[in-house]
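Novice: Sharing a structure, written as structure tokens. Questions coming.
Protein chains in written order, with the working numbering: chain A, 1 to 575; chain B, 1001 to 1081.
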């Protein structure tokens, strides 16, 4: 971890780029915190400006229209109520009203949140409350409502409940930072009594990390995938040497360490993190424990992409990244072997490679402290996309095993469908016209209402395309809108396709179906046009490749009678 | 460590904390002698000295030391304990 000194230095040179603006409001002095957050963001290359409202200015700032807070145009507002200050307030209350303390602090917080919400659309970052044991009644305090201990714990509980009920508040888990460091290191009495700062300089970098992690997640910088080594990472021992029945896993001895690590990984997977395996092993050997060891927590169905071979790991990780189609900077590679870590780090600088502790007993704690999976949203069980990725890997693998692309495509047993727009598909079709940028010939955007009009217009020929293969269903992947130009000519107003199904003969299938329908509708010619955008360069020659004749700049024509479609391996659906 | 060595170390810390390479502290120096020395940098300064020498000042030592010499006195008391 950086020292506060390093953060102070780094705070002077913010990261370049379009910055998010963070405002800090505290009931204590937040000057050092602001410096620490600036510095940490700079070192993490996160462009961030920080406005510090100063000591105990919360109410004045949130309630006044002309406050500096709002003038600072914050993208997020951090609210920090230090437990030490709350404790003083608590003790100044008459004993008979102390039982309502937690509720009244929560009301105050909600008043802040609502006031901020009226003035800006900023995200609210809310620190939860650190522990402070005053032991007024010793441990017995835990069962007496009028004690600070009782109220403080209720306060954290109520805070969680209220945050869960709103969409504009993002927690910063200060309590966990304090729990991990211990109160003695987290709180420096001299700093508090001298300067009203409730976080020691030793703890500031950790607190800054907790804040910057949330800021990074709000910016979309999140980790999505964990790539895992197997031997001595997921289990103890080497499966190839020791045999699958002798690896260390289970509740006994060192096995317990790996079991608990796997339990956590399984939880991550259930929270939407993609798990992948990258191991130097024979594939069958590597899979054995997942298939047959009774004490393994992780099973093959938990792993989205499973790569076990003797190639170098950097190449394998690149393959995993291609299958998942996510950014390399959203991946974390976990391997007990320092050589592999160094190799991957040097070949793929964007990927995160934690320097695992040597003792496997420390893996879990170490990785949990890194807080890799900070997020700004949670969609529940739907977050688990493991199955989709497994199908994609099965295709990639099959592809590698065939000598020619044709053979591979034939083996996929693809079935395609081309149908006129129908109401149940309007919203998906509209969404595709709005989002497709690359394989999109004229980039015309349509709303759902537009799509309905096109579907009902007798002068339009509309088609949507679906594709499935033996590994799964791709769903709706292509859209054509043809407009009658004259009695003989159909003009292709829209042709778009999902890039997921590129190079599978879908382009040829789409065109063959279109020419067939156009001919049946009595058209003699079909005219296509390419309108260049910064993103659709990939389709600039597609009409020529499909056998159209060029009739002007970016304009092409084909005759419906004479058109011969290119080769494809997609059977037309009979449904 | 003798007083001279301590003063040398403290000067090093001061140049870093006050972010000014021209700072030269003597035993008689006070906050008034250094532009960048305010209540906040004072805390950083004492904090860095604590970290460097592995000691913890009392609240009174941090707030009541009137010049660098008194801070060094306090530091030496802790070191000799």
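C-beta: ideal position from N, C-alpha, C; glycine also.
These figures come from a predicted structure and were not determined experimentally.
Counting pairs of beta carbons, one from the stretch 238-256 of chain A and one from the stretch 410-420 of chain A, are three or more of them closer than 8 Å?
Specialist: No: fewer than three Cβ pairs fall under 8 Å.
Novice: Are there 16 or more other CB atoms within 10 angstroms of the CB of residue 368(A), so buried, or fewer, so exposed?
Specialist: It is exposed - the Cβ of residue 368(A) has fewer than 16 other Cβ atoms within 10 Å.
Novice: Is residue 481(A) buried or exposed, if buried means 16 or more other CB atoms sit within 10 Å of its CB?
Specialist: With 16 or more other Cβ atoms within 10 Å, it is buried.
Novice: Quick check: the stretch 40-48 of chain A against the stretch 213-228 of chain A, are there 3 or more CB pairs under 8 Å?
Specialist: At 8 Å Cβ cutoff, the stretches touch.
Novice: Taking 8 Å as the cut-off, decide whether the C-beta atoms of residue 547(A) and residue 566(A) are in contact.
Specialist: It is a contact, given that the beta carbons lie within the stated cut-off.
Novice: Using a Cβ-Cβ cut-off of 8 Å (strictly less than) and excluding sequence neighbours within five positions of residue 9(A), which residues of its own chain qualify?
Specialist: So the list reads 39, once near-sequence residues are dropped.
Novice: Please return the same chain residues whose Cβ sits closer than 7 Å to the Cβ of residue 442(A), not counting the five positions on each side in sequence.
Specialist: Excluding positions up to five away in sequence, the list reads 493, 494, 529 and 531.
Novice: Compare the C-beta of residue 1018(B) with all C-beta atoms of chain A and state if any pair is closer than 8 Å.
Specialist: It does not: the Cβ of residue 1018(B) has no partner Cβ on chain A nearer than 8 Å.
Novice: From what residue to what residue does the beta strand (DSSP E) around residue 326(A) run?
Specialist: Here residue 326(A) belongs to no beta strand (DSSP E), and DSSP marks it neither H nor E.
Novice: Note the first and the last residue of the continuous alpha helix (DSSP H) segment covering residue 309(A).
Specialist: Careful: residue 309(A) lies outside any alpha helix (DSSP H), inside the beta strand (DSSP E) at 305-309.
Novice: Taking residue 311(A) as the reference, give the member of 280(A), 551(A) and 151(A) with the closest Cα.
Specialist: Of the candidates 280(A), 551(A) and 151(A), the one whose C-alpha sits nearest the C-alpha of residue 311(A) is 280(A).
Novice: Between 300(A), 284(A), 24(A) and 240(A), which has its C-alpha nearest residue 269(A)'s C-alpha?
Specialist: Among 300(A), 284(A), 24(A) and 240(A), the Cα nearest to that of residue 269(A) is on 300(A).
Novice: Between the alpha carbons of residue 267(A) and residue 207(A), how many angstroms are there, rounded?
Specialist: Between residue 267(A) and residue 207(A), the C-alpha separation is close to 25 Å.
Novice: Buried or exposed: which applies to residue 611(A), given that a residue is buried once 16 or more other Cβ atoms fall within 10 Å of its Cβ?
Specialist: Since the displayed chain A opens at 1 and closes at 575, residue 611(A) lies outside it and no answer follows.
Novice: May I have the straight-line CA-CA distance separating residue 83(A) from residue 22(A), to the nearest angstrom?
Specialist: Cα to Cα, the separation comes out at about 22 Å.
Novice: For a contact meaning CB atoms closer than 9 Å, what does residue 1063(B) contact in chain A?
Specialist: The answer, in chain order, is 190, 193 and 194.
Novice: Can residue 483(A) and residue 499(A) be called in contact, C-beta distance under 8 Å?
Specialist: Contact: no.
Novice: Taking the straight line between their C-alpha atoms, what separation do you get for residue 535(A) and residue 438(A)?
Specialist: Each residue's alpha carbon lies about 5 Å from the other.
Novice: Could you tell me which uninterrupted alpha helix (DSSP H) segments, each at least 4 residues in length, are contained entirely in the stretch 519-569 of chain A, listed from first to last along the chain?
Specialist: Within the stretch 519-569 of chain A, the complete alpha helix (DSSP H) runs of at least 4 residues are 542-545.
Novice: Tell me, please, whether the CB atom of residue 433(A) is closer than 8 Å to any CB atom in chain B?
Specialist: No, residue 433(A) does not count as interfacial toward chain B.
Novice: Would DSSP call residue 280(A) helix, strand or coil?
Specialist: Residue 280(A): strand per DSSP, three-state reduction.
Novice: Is the beta carbon of residue 308(A) closer than 8 Å to that of residue 275(A)?
Specialist: Cβ atoms of residue 275(A) and residue 308(A): not closer than 8 Å.
Novice: Which ranges would you report for the beta strand (DSSP E) in the stretch 193-263 of chain A if only whole runs of at least 3 residues count?
Specialist: Correct list: 225-228.
Novice: Just to confirm before moving on: does the CB-CB distance between residue 317(A) and residue 333(A) stay below 8 Å?
Specialist: Yes, the Cβ-Cβ distance between residue 317(A) and residue 333(A) is below 8 Å.
Novice: Along the chain, where does the alpha helix (DSSP H) containing residue 41(A) start, and where does it finish?
Specialist: First-last of the alpha helix (DSSP H) with residue 41(A): 31-43.
Novice: If you reduce the DSSP assignment to three classes, tell me which class residue 18(A) lands in.
Specialist: Reduced to three states, the DSSP call for residue 18(A) is coil.
Novice: Near residue 364(A), what residues of its chain come up, given a Cβ to Cβ distance below 7 Å and the 5 sequence neighbours on each side ignored?
Specialist: Result list for residue 364(A): 260, 261 and 264, in chain order.
Novice: Can you tell me whether residue 288(A) is buried or exposed, with buried defined as 16 or more other CB within 10 angstroms of its CB?
Specialist: So residue 288(A) ends up on the buried side.
Novice: Terminal residues of the continuous beta strand (DSSP E) containing residue 497(A)?
Specialist: Its beta strand (DSSP E) spans residues 489-497.
Novice: So within the stretch 384-464 of chain A, which uninterrupted alpha helix (DSSP H) runs reach at least 4 residues, ignoring any that extend past its ends?
Specialist: Here the runs fully enclosed are 386-401, 405-411, 426-435 and 448-456.
Novice: Cutting at 7 Å between CB atoms, please list the residues of its own chain near residue 1009(B), excluding the five before and the five after it.
Specialist: Excluding positions up to five away in sequence, the list reads 1052.
Novice: Could you tell me which of 258(A), 185(A) and 239(A) sits nearest to residue 283(A), measuring between CA atoms?
Specialist: Residue 283(A) has its Cα closest to that of 239(A), out of 258(A), 185(A) and 239(A).
Novice: Mind checking the stretch 21-41 of chain A against chain B and listing, in chain order, the residues whose C-beta falls within less than 8 Å of any C-beta there?
Specialist: Correct list: 31 and 32.
Novice: Could you check the C-alpha separation between residue 564(A) and residue 521(A) for me, to the nearest Å?
Specialist: If you take the alpha carbons of residue 564(A) and residue 521(A), they lie about 18 Å apart.
Novice: Can you find a CB in chain B that lies within less than 8 Å of the CB of residue 201(A)?
Specialist: Output row for residue 201(A): interface = yes.
Novice: Over the uninterrupted alpha helix (DSSP H) stretch that includes residue 105(A), give me the two end residues.
Specialist: 101-119 is the extent of the alpha helix (DSSP H) around residue 105(A).
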